[in-house]
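A.B. asks: One structure is given below, represented as structure tokens, and several questions about it will come after.
Residue numbers (this note's numbering), protein chains in the order written: chain A, 499 to 844; chain B, 7 to 106.
Structure follows, in structure tokens:
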């Protein structure tokens, strides 16, 4: 059995953003469906640890069980010296994973023995399709993958309602957000370098917490005795930031995303350039148009894993007129991450 | 006189998608990254073609062992392990010839 151990150190600039579907991103959202066990037990375990400069760490455990299809399909085309031998293969497998939200920290998983806010867990089923051909002494391959994914995240949000009674103005809203998605990825045959096309459709139960105005609120008490006034501030372990409760809403969201990644050979397959536009539909807002660009520095010999990733995203571009914030402040997000990957056989 | 040949091999590489093993010109395995092969062979050489598929830039390591009538054999030009990477077309063919 082969274990893949990934240690990820994550640096945050600005807000957390999502990167492309395929290459491991700074949110550690990639799935190890592309890793194959050389011992052919079919099982691969990806264990990831992460940290960011502002807060604690993150942890992710991802198990993938992979099986090859029962029989390859062999056929030939052409004739004479131009004969081409084809072999088409299929594989499939299931996976499961659990991970913390990066900014919440590892302890969130283990705290009180429960899945605490910030934890996401889920499973997926993947079908892999490989096409190969041998012609003129050369072996050529392409592949595509279909992934059905479902997960659920647990969130907890602090809200401030200025219109409520004083004692009821500060509340905590727990939120369970399921996501079901279907994704497709294609790697066509390329004479050099690599290209990946991705597309996904998903449904999510989500909320607009990230879009709300926020307030910094602390509960202070003033105590006077013997001519001294003491200010006592109650410590809130969840922080002092509260969002506007009046604007908070939960809603169904439908997400459509495309992705394109180019890994040029003349940069020795060590750099990946990606663009990934998306449209989110749901809630009170009209359709939200997003787009992202990223640059990844890839691991030598493993051009599917990024060591370093810099992402730029514009989110909700189409609704800029509805916000009081400036366009850049509201839409622009930057993410920077570094990954250290250790592959280990046990 | 035939030689009783036992051949085992596996290909390692995190980004490697598949391996097609052709032994004596016949496809004996397609997909899995390892193989166990045993047969009586009249020819004096065991010819193995590894067709290795994955993204361009993916590196791999081939490990193999072979015995002929219980005696260990190897390709002196390409002893195990063999390292390499996929440079073009998402695939590469590596051939070893083991005198029996």
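Backbone N, C-alpha and C define an ideal beta-carbon position, used for all residues, glycine too.
#1: Which runs of the beta strand (DSSP E) at least 3 residues long sit entirely within the segment 616-655 of chain A? Give them in chain order.
#2: Alpha carbon to alpha carbon, how far is residue 84/B from residue 862/A? Give it in angstroms, no decimals.
#3: Apart from the five residues on each side of it in sequence, which residues of its chain come closer than 6 Å, Cβ to Cβ, to residue 100/B?
#4: Compare the C-beta of residue 53/B against all C-beta atoms of chain A and say whether one is closer than 8 Å.
#5: Could you give the distance in angstroms between the alpha-carbon of residue 547/A and the alpha-carbon of residue 803/A?
#6: Of all the CB atoms in chain A, is at least one closer than 8 Å to the CB of residue 103/B?
#7: Please classify residue 581/A as buried or exposed, where buried requires at least 16 other C-beta atoms within 10 Å of its C-beta.
#8: Is residue 625/A closer than 8 Å to residue 38/B when the C-beta atoms are compared?
#9: Between the segment 751-770 of chain A and the segment 697-706 of chain A, can you find at least three pairs of beta-carbon atoms closer than 8 Å?
#10: Tell me whether residue 764/A sits in a helix, a strand or coil according to DSSP, three-state version.
#11: Identify the contact partners of residue 636/A in chain B, using a Cβ-Cβ distance below 9 Å as the criterion.
#12: Please look up how many angstroms separate the CB atoms of residue 642/A and residue 652/A, rounded, as I've assumed it's under 8 Å.
#13: What residues are listed by DSSP as bridge partners for residue 698/A?
#14: Mind checking residue 718/A: buried by the 16 CB within 10 Å criterion, or exposed?
#15: Anyone know if the C-beta pair for residue 3/B and residue 23/B falls short of 8 Å?
#16: Give me the Cβ distance between residue 68/B and residue 88/B, rounded to the nearest whole Å; I'm assuming they're in contact under 8 Å.
#17: Of all the options 636/A, 649/A, 798/A, 716/A, which has the alpha carbon lying nearest to the alpha carbon of residue 680/A?
#18: So which residues on chain B does residue 587/A lean against when the C-beta distance must stay under 8 Å?
#19: Hey, is residue 522/A's beta-carbon within less than 8 Å of any beta-carbon in chain B?
#20: Along chain B, in chain order, which residues have C-beta atoms closer than 7 Å to that of residue 628/A?
#21: Can you give me the start and stop residues for the beta strand (DSSP E) that residue 769/A sits inside?
#22: From 828/A, 571/A, 593/A, 660/A, pick the residue whose C-alpha is nearest to that of residue 583/A; which is it?
#23: Verify the CB distance criterion: does residue 65/B have a CB-CB separation below 8 Å to chain A?
#24: Residue 695/A to residue 759/A, Cα distance in whole Å?
#25: Locate the alpha helix (DSSP H) running through residue 827/A, then write down its first and last residues.
#26: Using a Cβ-Cβ cutoff of less than 8 Å, which residues in the same chain neighbour residue 716/A once the five nearest sequence positions on both sides are dropped?
#27: Given a threshold of 16 other Cβ atoms within 10 Å of its Cβ, counted over all protein chains shown, does residue 612/A qualify as buried or as exposed?
#28: Please classify residue 666/A: does DSSP put it in a helix, a strand, or coil?
#29: If I measure Cβ to Cβ from residue 72/B and keep anything under 6 Å in the same chain, skipping five residues before and after, which residues do I get?
#30: Which of helix, strand or coil does DSSP assign to residue 508/A?
C.D. replies: Let me spell this out:
#1: 617-633
#2: Because chain A in this structure spans residues 499 to 844, residue 862/A falls outside the shown range and cannot be described.
#3: 56
#4: no
#5: Reliability fails at residue 547/A, whose pLDDT of 48 lies under 50, so the model's placement of it is uncertain and no value is given.
#6: The beta carbon of residue 103/B does not come within 8 Å of any beta carbon belonging to chain A, so the residue lies off that interface.
#7: exposed
#8: Taking 8 Å as the Cβ cut-off, residue 38/B and residue 625/A do not qualify as a contacting pair.
#9: yes
#10: helix
#11: 94, 95, 97, 98, 99
#12: So it is not a contact: roughly 33 Å between Cβ atoms.
#13: 681/A, 755/A
#14: exposed
#15: With chain B covering only 7 through 106, there is no way to say anything about residue 3/B.
#16: 4 Å
#17: 649/A
#18: 24, 36, 37
#19: Caution is warranted here: a pLDDT of 45 is assigned to residue 522/A, below 50, making its placement in the model unreliable, and the coordinate value is therefore given only provisionally. The C-beta of residue 522/A comes no closer than 8 Å to any C-beta of chain B.
#20: 23, 24, 59
#21: 769-773
#22: 571/A
#23: yes
#24: 7 Å
#25: 825-829
#26: 731, 732, 734, 738
#27: Because residue 612/A sits at a pLDDT of 47, beneath the cut-off of 50, its placement in the model cannot be relied upon, and the point is left open.
#28: helix
#29: 13, 79, 104
#30: Low confidence applies here, because residue 508/A scores a pLDDT of 33, under 50, leaving its location unreliable and the question unanswered by this model.
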